[in-house]
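As structure tokens, the structure follows; a few thoughts come after it.
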Amino acid sequence: MAAQFIRISTIILAFVSGIASANPAASDRGLDRIAFERLSDKDKLNFVLAQLDSREQQLQNFSYELKETHTNVAIAGGKRRFMYSSAYTVRRIGGKWWMHLVNCVYYVPNKTGEDAFLNWDGEQARSLGSPPYLGVSYAKCSIRPHENGNFRERRFNELLGFEVTIGVEKRGVSMPEWVRRATRHPEESISISAEEFEGVPVVRLNVRVGDMNRNILLDPARGYMTVRFERNYQAGKGYNRSLEKVLAAQQVSGVWVPTKCSDRIGTSAAQEETEITYDVSKFTIGMVKEGDTDIEFPVGSEVFDATKRISYFIQPDERYKLLPVANIQAHKVYIPKQAVVDHIDKDTAANAYREQPIVPTVMAAKAPAWSVSRLTLTAVSALIAVALLIIGVSRRRRLRSKT
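Going letter by letter, the sequence shown gives residues 0 to 402 in numbering that gives the first Met the number 0.
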């Protein structure tokens with residue numbers, strides 16, 4: 000194992016040395032394509048993973064502020080239609096995330112519709128929704144066992160090299176971990192090449208599985224920052240696709256980071272595509288402290304804790320008013336045995352709640368309401384029947400009088 004590590008390290012050092020000596024024009028850009036292409040597929044992969052691992056370590060502690068804007072663009076003609084915008088601050092330290100998110104109302108650029116705080120500590124996710132945007136006078140909070148989707152669905156994090164999505168999993172992974180998983184997946188194929196894209200030497204990672212094709216471009220001159228991430232799912236004439244691009248970047252504490260990005264998302268089932276822009280106003284590295292990612296629920300908050308299967312209000316006396324919790328899938332509701340408890344722990348659900356089945360209510364079937372046209376038709380039919388009866392009786396009487 001040690002010998003293999005020395006061999007890989009020697010290859011990497013030789014490759015880096017080659018950058019400085021082989022082709023001055025290419026070395027200014029940070030990549031000797033000829034030297035890179037001489038590497039085996041395995042050594043290319045190990046080299047790229049070493050660069051991505053290094054970048055991940057440099058970004059263990061960062062924060063940023065940005066504005067995200069969604070605009071729908073007609074495929075035919077290019078007519079643009081504003082959808083909504085978000086402004087948020089993100090902090091990361093180690094594996095912990097924190098976000099303050101403000102969303103505007105759809106189609107109204109400057110009207111706030113949501114104000115929330117979110118975090119993930121590696122085991123639990125906390126969220127705090129601020130009134131009055133929830134229609135109540137108190138904060139509504141939750142504790143859940145999986146990461147909040149906003150960290151991976153906001154694709155700026157993906158271009159940074161984090162929260163890269165894997166299928167339908169409820170959390171993302173770092174870029175090097177995503178590449179490693181692709182190499183271990185039996186149905187995925189991965190290829191790595193050096194090329195020039197839009198006049199700039201880049202390293203391309205192509206990852207394909209079935210009808211899904213993904214292309215990632217890394218910029219060697221800017222610390223192997225991801226500058227383009229393209230997804231394309233094609234099945235016959237149908238497609239789903241997205242294209243993330245870095246439009247501007249700068250160095251912060253010696254690390255290249257994006258400052259302006261775009262994401263274009265489209266599908267064959269729609270006549271419009273969605274364009275998302277990310278404009279960074281502030282980026283720092285190494286400034287986040289332990290505790291900066293914590294979220295404390297204030298007095299008066301309503302809390303739903305999915306990890307403990309309980310719900311409660313936080314009272315001013317630092318006690319907890321328990322609330323019923325329903326499990327729709329199991330057809331059960333959990334009713335508090337006592338109204339208030341002094342503390343919350345892992346045994347609260349077992350000790351302070353009783354289980355009760357949800358009994359479905361069977362509604363008595365009502366006689367169908369008759370429509371006006373049906374009532375009219377019935378009345379007319381009755382009148383015709385009476386008229387025929389009268390005519391028949393009168394004819395019978397006339398026949399009797401003749402005899």
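From the three backbone atoms N, C-alpha and C, an ideal C-beta is built for every residue, glycine too.
Just so it is clear, the structure is predicted and the values come from calculations on it, not from any experiment.
Residues near residue i by beta carbon distance below 7 Å, same chain, minus five either side
| i | result |
| --- | --- |
| Gly94 | Gly121 |
| Gly222 | Arg54, Val254, Trp255 |
| Asn149 | Met98, Leu100, Leu117 |
| Met286 | Ser62 |
| Pro144 | Gln123, Ala305, Thr306 |
| Pro108 | Phe81, Ser84 |
| Ser188 | Arg207 |
| Ala115 | Leu100, Ser126, Leu127, Gly128, Ser129 |
In DSSP terms, what residue i is bridged to
| i | result |
| --- | --- |
| Leu321 | Tyr311 |
| Ile32 | It is Arg, not Ile, that sits at residue 32 in the sequence shown. For Arg32, which the question treats as bridged, DSSP gives no partner whatsoever. |
| Val256 | Gln249 |
| Leu38 | Partner(s): none; Leu38 has no beta bridge. |
| Leu216 | Arg203, Arg227 |
| Asn118 | Trp97, Arg125 |
| Tyr277 | Glu67, Cys260 |
| Tyr333 | Val324, Glu354 |
| Phe81 | Thr70 |
| Ser241 | Arg230, Ile264 |
| Arg91 | Phe61, Trp96 |
| Val302 | Cys140, Tyr311 |
Beta-carbon proximity list for residue i, same chain, < 6 Å, skipping 5 on both sides
| i | result |
| --- | --- |
| Leu204 | Ile191, Ile215 |
| Arg125 | Asn118, Ile142, Ile294 |
| Leu51 | Met174, Pro175 |
| Lys336 | Ala351, Arg353 |
| Tyr83 | His69, Cys103, Tyr105 |
| Asp344 | none |
| Cys140 | Leu127, Phe296, Ser300, Val302 |
| Glu186 | Val208 |
Nearest to residue i (by Cα), restricted to the options the options
| i | options | result |
| --- | --- | --- |
| Gly198 | Thr276, Ala220, Ala75, Ile189 | Ala220 |
| Ala325 | Leu38, Val298, Asp316, Gln355 | Gln355 |
| Ala75 | Arg213, Ser267, Tyr106, Asp114 | Ser267 |
| Ser310 | Asp218, Met98, Ile334, Asp31 | Ile334 |
| Arg80 | Thr273, Gly235, Lys281 | Thr273 |
| Gln233 | Asp262, Asn350, Leu44, Gly209 | Gly209 |
| Thr283 | Ile313, Gln250, Phe296 | Gln250 |
| Asn156 | Val245, Pro108, Lys236 | Val245 |
| His330 | Glu187, Lys345, Asp316, Ile357 | Ile357 |
| Leu44 | Ala193, Gln314, Val332 | Ala193 |
| Phe196 | Asp218, Arg183, Ala181, Met211 | Asp218 |
| Met211 | Tyr238, Asp31, Val202 | Tyr238 |
| Asn60 | Phe161, Tyr277, Arg153 | Phe161 |
| Met327 | Gly29, Tyr277, Pro359 | Rather than Met, the amino acid found at residue 327 in this sequence is Ile. The residue with the shortest Cα to Cα distance from Ile327 is Pro359. |
| Thr225 | Pro200, Lys236, Gly235 | Pro200 |
| Arg263 | Ala349, Phe312, Arg153, Pro323 | Arg153 |
Neighbourhood of residue i by C-beta, 8 Å cutoff - its chain only, sequence neighbours within 5 removed
| i | result |
| --- | --- |
| Ala338 | Lys320, Leu321 |
| Thr111 | Val101, Asn102, Cys103, Val104, Tyr132 |
| Lys288 | Ile92 |
Whole-number beta carbon distance between residue j and residue i, since they are thought to touch under 8 Å
| i | j | result |
| --- | --- | --- |
| Val279 | Thr258 | 4 Å |
| Glu271 | Asn71 | 4 Å |
| Arg230 | Arg213 | 5 Å |
| Glu146 | Arg170 | 4 Å |
| Glu64 | Thr88 | 5 Å |
| Val340 | Arg318 | 7 Å |
| Gly265 | Arg240 | 6 Å |
| Thr164 | Arg151 | 5 Å |
Contact with chain B by residue i, beta-carbon distance below 8 Å
| i | result |
| --- | --- |
| Arg80 | As a matter of chain content, chain B is missing from the structure shown, which is built from one protein chain. |
Would you call the region 171-187 in contact with the region 48-61, where contact means no fewer than 3 C-beta pairs closer than 8 Å? yes
At least 3 beta-carbon pairs within less than 8 Å: the region 79-93 vs the region 294-313: no
Would you check if there are 3 or more beta carbon pairs closer than 8 Å linking the region 130-146 to the region 37-46? no
For the region 28-37 and the region 121-131, state whether three or more C-beta atom pairs, one from each stretch, are separated by less than 8 Å. no
Please confirm if the region 75-87 is in contact with the region 285-300, defined as three or more CB-CB distances below 8 Å between the two stretches. no
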